[in-house]
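Trainee:
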Amino acid sequence: MTPEPAPEKAQPAAAAANGSALLAAKDVSKIFGGLVAVDDVSFGIAPRSIVSIIGPNGAGKTTFFNMLTGLYKPSIGTITFERQDITGRRPDRITALGVARTFQNIRLFATMSAVENVMVGQHARMRAGMFGAILRTPAARKEERRVREHAREMLDYVGLKPAAFDQIAANLSYGDQRRVEIARALASDPRLLLLDEPTAGMNPNESARLTEFMVKLRDERDVAILLIEHDMRVVMGVSEHITVLDHGHKIAEGRPQEIREDERVIEAYLGKAAGD
Amino acid sequence: MLPAAVALTALVIFPVFRDPLDSFLGDSILALAFVVMALGLNIVVGFAGLLDLGYVAFYAFGALATGWWASDFFTGVNGERGIHIGASEFASSLPGVHLNFLLILVGAVIITAIAGAIIGLPTLRLRGDYIAIVTLAFGEIIGRIAQNGDELTLIGDYKFSNGRQSISPIDQINLPLIGEFDQATNLRPYFWMGLALVLVVLFVNFRLRDSRMGRAWIALREDEVAAASMGVPLVKTKLMAYAVGAGFGGISGAFLGAFLNSVNANQFQFGFSIFILAMVILGGLGSIWGVVIGAVLLSFVNTRFLTQLDQGIGNDVLNALGLDFTFNEVKFGVFGFILVLVMVLRPEGLLPERRRKLELTEGVGTGGESVYEARA
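Note that the protein sequences, when read in sequence, are chains S and A.
Everything in the first sequence is counted per the numbering used here, starting at 7 for the first residue and increasing by one.
Everything in the second sequence is counted per the numbering used here, starting at 14 for the first residue and increasing by one.
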């Protein structure tokens, strides 16, 4: 895989079909009562790629995310990660397999420090049990030290200033909270990182830096990134492949250039008249 | 470190300066037992944020463990010769099961931890008030079963409890190397035993709080959805909180059973759960030292202050006001009043946890949307 945008239009979908995809969703639907939030969506992500899901508000993007991370169980369809069926598996299991996420409205553990937040992110990578913790065995102590150190490294990696490491998450600035949330997700050592509107509330300058950071992340840490994003500059700048959802349907997918010119996408975003 | 060492030393030698049968010493022993209970409940309510209104169930199981295994309750066992493991010389001559108190403690912890996990199971999909209702019912169920346990035969002819008739007398605590306590002549060993239990439970509390498990509990309390998404297994983490909290209740229950020298199902009332919860809230939810203070204070309010009001001028005042009740009759009203005062004047508790204080004073904190609700 090269960092360049994929050469052919249906590359990730093709990857999904031949089983080389990191994550693949096949004919996935989610129905809430009478509302079909996600309708028969198939989707694939190649390893080390950066792909986006876009769509108007209420298109089912976050619902789709929640199915990928196990918060929702798909009504129909299957989801595989590294060729394992993870459909309807518990969120913590999916995290342990290597999928991590951030939330649209930041969901840090507000009264824990930045470091503690990131330490929780490593929960699935720790082994210490009840008795190890009570007796503080050498193994438990070593692990605790390692996890704390790793948390600091991660916070440093996302660009948090050391002075903020031990601050309570709620007291951090908005941008720093976003950073901590990404560090917390990265701490679980994911193969796939799902970012739900990470640039929400950021100014263009900050958004640009986050875009650079995503590329760096992919290149340095071998992480594939799935992005939900409204900021088209970010989406078009960073994505190799874009999937467009509208009213739960997948209405288009392809490279940024193709999406930009797609009739149905313009229509979904701007309405029919404007599309003419 | 030094102040702590001085305080501990003072506590250890304090009984020596009191009469061996001093009533204040007796009340202090009760306070120590309540500290253990409150620290256990604090794990469930304070750390993991699961409101448990049925904590009395674990007192019941702990006390029953002592009743079963340190008295002649199972009279017929082993052809009326009894089963004795590590029991004192005197107890070894009695019928029934007589185990060493340390074994009873282990047994009580196992029973209550299992009971805690069982109470936890139906609450896993619930949150907030609904958890409280289920746990409340569980506490009531166990209390009722214990009260009617004299008509409940389980294996052979053996009953579950003596119901409203006490299981009594209970063996005196008999420790290896130290020997048998004797409540009738000297309360000091019970005080030291209680103090030792408090120290052990405190130690475990601190260790757990600052561990992977403790962080997972607090993460759970703060945001269940985020915690699950970060790899915290909700079911296991919640059940652990219930089991550990229950285990502490069992330790304290077993100790109280031996100290009070009887196990009476009338003690297993809903009010008891509230009493312990009030200690946790008064001291400060989630704050280990706060809970210790809350437990000691309320315990002494119960044993000393209310009793003195009752025997002193308190009831005369009530009578003069034309009120036809005594302070002891409305003691839960008094606890409730204390709780209201705390909520109005100092909602974070007397010695708040650092985090909790922040939450209340700066409006920090997140709504708890349930994962399972989201998944349904």
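Ideal Cβ positions, reconstructed from N, Cα and C, are used throughout, including at glycine.
Would you call A/V276 buried or exposed, if buried means 16 or more other Cβ atoms sit within 10 Å of its Cβ?
Mentor: It is buried - the Cβ of A/V276 has at least 16 other Cβ atoms within 10 Å.
Trainee: Should S/D46 be flagged as near chain A, meaning a C-beta pair shorter than 9 Å?
Mentor: no
Trainee: Could you work out which residue in A/D184, A/K344, A/R94, A/L63 is closest to A/L112 when comparing CA atoms only?
Mentor: A/D184
Trainee: Find out if the Cβ-Cβ distance for the pair A/G297, A/L364 is shorter than 9 Å.
Mentor: yes
Trainee: From the DSSP output, read off the bridge partner residues of A/E193.
Mentor: DSSP lists A/N187 as partners of A/E193.
Trainee: Span of the beta strand (DSSP E) holding S/F38?
Mentor: Per DSSP, S/F38 belongs to the beta strand (DSSP E) from 29–38.
Trainee: Rounded to whole angstroms, what is the Cα-Cα separation between S/Q183 and S/P262?
Mentor: 29 Å
Trainee: Any chance you could list the alpha helix (DSSP H) runs of at least 4 consecutive residues sitting entirely within the region 125–179 of chain S, in chain order?
Mentor: With a minimum length of 4 residues, the continuous alpha helix (DSSP H) runs that stay inside the region 125–179 of chain S are 136–141, 144–163.
Trainee: Counting only C-beta atoms, is S/T347 closer than 9 Å to chain A at any point?
Mentor: The structure shown does not extend to residue 347 of chain S, since chain S is modelled only from 7 to 282, so the question has no answer here.
Trainee: Grouping DSSP H, G and I as helix and E and B as strand, with all else coil, what is S/S81?
Mentor: coil
Trainee: With DSSP collapsed to three states, give me the class of S/T101.
Mentor: helix
Trainee: Since S/G260 sits in a beta bridge, which residues does DSSP pair it with?
Mentor: S/I248
Trainee: Using the three-state DSSP reduction, which class does A/N88 fall into: helix, strand or coil?
Mentor: Here residue 88 of chain A is Thr; the residue named in the question, Asn, does not match the sequence. If DSSP states are grouped into helix, strand and coil, A/T88 belongs with coil.
Trainee: For A/I294 and A/D195, I'd like the C-alpha separation in whole angstroms.
Mentor: 35 Å
Trainee: So, are the CB atoms of A/V353 and A/G362 less than 9 Å apart?
Mentor: Against a cut-off of 9 Å, the Cβ pair of A/G362 and A/V353 comes out as no contact.
Trainee: Hey, is the region 61–73 of chain S in contact with the region 210–218 of chain S, meaning 3+ C-beta pairs nearer than 8 Å?
Mentor: They do not touch, by the three-pair rule.
Trainee: With 9 Å as the threshold, decide whether the Cβ of A/S300 is near any Cβ in chain S.
Mentor: no
Trainee: Flag this pair as yes or no: are the beta carbons of A/A73 and A/G156 separated by less than 9 Å?
Mentor: yes
Trainee: State whether the region 129–141 of chain A contacts the region 88–108 of chain A, with contact taken as three or more CB pairs (one from each stretch) at a distance under 8 Å.
Mentor: Contact check between the region 129–141 of chain A and the region 88–108 of chain A: fewer than three CB pairs, one atom from each, fall below 8 Å, which does not count as touching.
Trainee: State the start and end residues of the unbroken alpha helix (DSSP H) segment that holds S/G50.
Mentor: Taken as a continuous stretch (DSSP letters only), S/G50 belongs to no alpha helix (DSSP H), being part of the beta strand (DSSP E) at 41–51.
Trainee: Counting only C-beta atoms, is S/V271 closer than 9 Å to chain A at any point?
Mentor: no
Trainee: Locate the beta strand (DSSP E) running through A/A61, then write down its first and last residues.
Mentor: Careful: A/A61 lies outside any beta strand (DSSP E) and carries neither H nor E.
Trainee: Show which residues of chain A have a CB atom less than 8 Å away from the CB atom of S/R107.
Mentor: S242
Trainee: Within 8 Å: the Cβ of S/A30 and any heavy atom of the ligand NAD?
Mentor: As presented, the structure is devoid of all ligands, the ligand NAD included, so that no description of it is given.
Trainee: Would you tell me roughly how many angstroms separate the C-alpha atoms of A/L134 and A/L322, rounded to the nearest one?
Mentor: 43 Å
Trainee: Taking just the CA atoms, how far does S/M160 sit from S/V124?
Mentor: 8 Å
Trainee: Name the chain S residues that come within less than 8 Å of A/A70, Cβ to Cβ?
Mentor: Chain S residues near A/A70: none, gap ~22 Å exceeds 8 Å.
Trainee: Return helix, strand or coil for S/A116, following the three-state DSSP convention.
Mentor: Secondary structure of S/A116 (DSSP, three-state): coil.
Trainee: Give me the residue from A/A51, A/N332, A/F288 with the minimum Cα distance to A/F350.
Mentor: A/F288
Trainee: Which residues, in chain order, does the region 180–211 of chain A contribute to contact with chain S at a C-beta distance below 8 Å?
Mentor: none
Trainee: For the region 73–104 of chain S, which residues have a beta carbon sitting closer than 9 Å to at least one beta carbon of chain A?
Mentor: The residues in question are T75, G76, L77, Y78, K79, G94, R96, P97, D98, R99, I100, T101, A102.
Trainee: Would a check of beta-carbon distances place A/F216 closer than 9 Å to chain S?
Mentor: yes
Trainee: According to DSSP, which residues form a beta bridge with S/S58?
Mentor: S/L233, S/I248
Trainee: From A/A18 to A/V330, what distance separates their C-alpha atoms?
Mentor: 44 Å
Trainee: Rounded to whole angstroms, how far is the Cβ of S/A130 from the Cβ of A/G284, which I believe are closer than 8 Å?
Mentor: Wrong, their Cβ atoms sit about 42 Å apart, outside the cutoff.
Trainee: Ends of the alpha helix (DSSP H) at S/D202?
Mentor: Run containing S/D202: none in the alpha helix (DSSP H); it sits in the beta strand (DSSP E), 198–202.
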